[in-house]
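Numbering (the numbering used here), first residue to last: 146 to 451.
Accompanying notes for the structure given below.
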Ligand SMILES: [Zn+2]
């Protein structure tokens with residue numbers, strides 16, 4: 146497995162007391178480096194603008210990259226840019242692009258992107274929910290447009306629904322988007338009847354009530370989402386790996402343990418082995434308990450087989 150990160154991802158600072166703090170990424174880096182000393186680390190490049198424009202409108206790209214940022218610049222009530230944010234967002238998206246290129250070229254078949262800010266709430270035209278660019282969507286679109294894949298899956302187990310990824314791929318049947326998430330919870334999308342344009346099922350949502358623990362989480366994946374993914378037979382898995390469903394997370398109310406992320410990650414690796422030549426690109430999304438981030442990021446990579 147390869148791992149991508151960049152120091153610039155620590156330079157995005159949404160302000161004092163904001164939960165999406167640089168310490169999150171420091172915790173993940175420290176835990177993963179400690180648990181997997183042989184992992185090969187690579188520097189994330191900056192995403193080129195044309196790769197961003199596959200999934201985002203020109204206005205959003207310009208608002209993030211071209212407006213001057215001095216001090217803090219607010220994009221919505223919980224999404225703020227600091228002077229280092231534009232490069233962080235470019236490196237986060239660039240990590241996913243480089244990871245897709247690497248697993249498509251082989252021989253390495255898996256890559257983990259330890260990056261921030263997260264991305265899955267960013268829609269085609271809006272930065273929101275701590276997210277600037279949707280790095281997982283940028284990666285999936287790159288796999289379709291630059292590598293010619295016909296079936297790419299974005300698998301999202303962050304506790305929040307990835308409304309941005311769903312928005313971007315609503316009319317794109319070459320990309321399947323699957324999500325389990327707490328409902329009700331921000332951003333209040335992702336009902337089970339949201340199935341993609343025409344209701345064709347290339348969007349698959351499993352809302353989980355507050356208080357759901359590992360049993361309910363595994364039942365949703367084993368009973369609904371994994372069979373749908375198996376039937377889609379993806380040629381590449383892109384994972385939106387958020388760990389805020391852990392019982393310690395301060396922003397949500399699921400009761401997952403690190404072991405649940407290990408289980409799902411192993412299921413996804415097995416599915417990728419069946420259909421995708423083992424190709425998996427995982428990108429860090431949310432997770433706001435540092436202890437949970439440490440335990441879950443290691444469990445995730447262990448489950449993938451790192
Ligand atoms: Zn989240």
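Where is the CB? At the ideal position from N, CA and C, for every residue including glycine.
Say yes only if the C-beta of residue 389 is nearer than 7 Å to one or more non-hydrogen atoms of ligand 1, and no if none qualify.
yes
Taking the CB atoms as reference points, tell me whether residue 296 and residue 379 lie closer together than 8 Å.
yes
Close beta carbons around residue 384, own chain, < 6 Å, minus the five adjacent residues each side:
Around residue 384: 300 and 427.
Beta carbon of residue 431: closer than 7 Å to some heavy atom of ligand 1?
yes
Same chain, Cβ closer than 6 Å to residue 235, neighbours up to 5 away in sequence not counted
191 and 192
Just checking residue 445 against ligand 1 - is the residue's beta carbon closer than 7 Å to any of the ligand's heavy atoms?
Not one heavy atom of ligand 1 is found less than 7 Å from the C-beta of residue 445.
For residue 336 and residue 390, the rounded distance between their alpha carbons
If you take the alpha carbons of residue 390 and residue 336, they lie about 17 Å apart.
Where residue 308 falls, given that 16 or more other Cβ within 10 Å makes a residue buried
buried
Check whether the Cβ of residue 304 lies closer than 7 Å to any heavy atom of ligand 1, and answer yes or no.
yes
Contacting residues, own chain, Cβ-Cβ under 7 Å from residue 377 (five flanking each side not counted):
296, 298 and 321
Terminal residues of the continuous alpha helix (DSSP H) containing residue 324?
Per DSSP, residue 324 belongs to no alpha helix (DSSP H); it is in the beta strand (DSSP E), 320-327.
State buried or exposed for residue 262, treating a residue as buried only when at least 16 other CB atoms are found within 10 Å of its CB.
buried
How would you call residue 424, buried or exposed, if buried means at least 16 neighbouring beta carbons within 10 angstroms?
So residue 424 counts as buried.
Measuring only the C-alpha atoms, how far is residue 99 from residue 183?
Residue numbering for the chain in the displayed model covers 146 to 451; residue 99 lies beyond these limits and cannot be assessed.
Can residue 229 and residue 153 be called in contact, C-beta distance under 8 Å?
yes
Roughly how many angstroms separate the alpha carbons of residue 211 and residue 316, rounded to a whole number?
In this structure, the CA atom of residue 211 is about 29 Å from the CA atom of residue 316.
With DSSP run on the structure shown, which of helix, strand or coil describes residue 275?
coil
Around the C-beta of residue 419, are 16 or more other C-beta atoms found within 10 angstroms, so that it is buried, or is it exposed?
exposed
Buried or exposed: which applies to residue 279, given that a residue is buried once 16 or more other Cβ atoms fall within 10 Å of its Cβ?
Residue 279 should be labelled buried.
Three-state class that DSSP yields for residue 331 in the structure shown:
coil
In chain order, what residues of the same chain have a beta carbon less than 6 Å from the beta carbon of residue 456, not counting five sequence neighbours either side?
For the chain, the structure presents residues 146 to 451; residue 456 sits outside this window and is missing.
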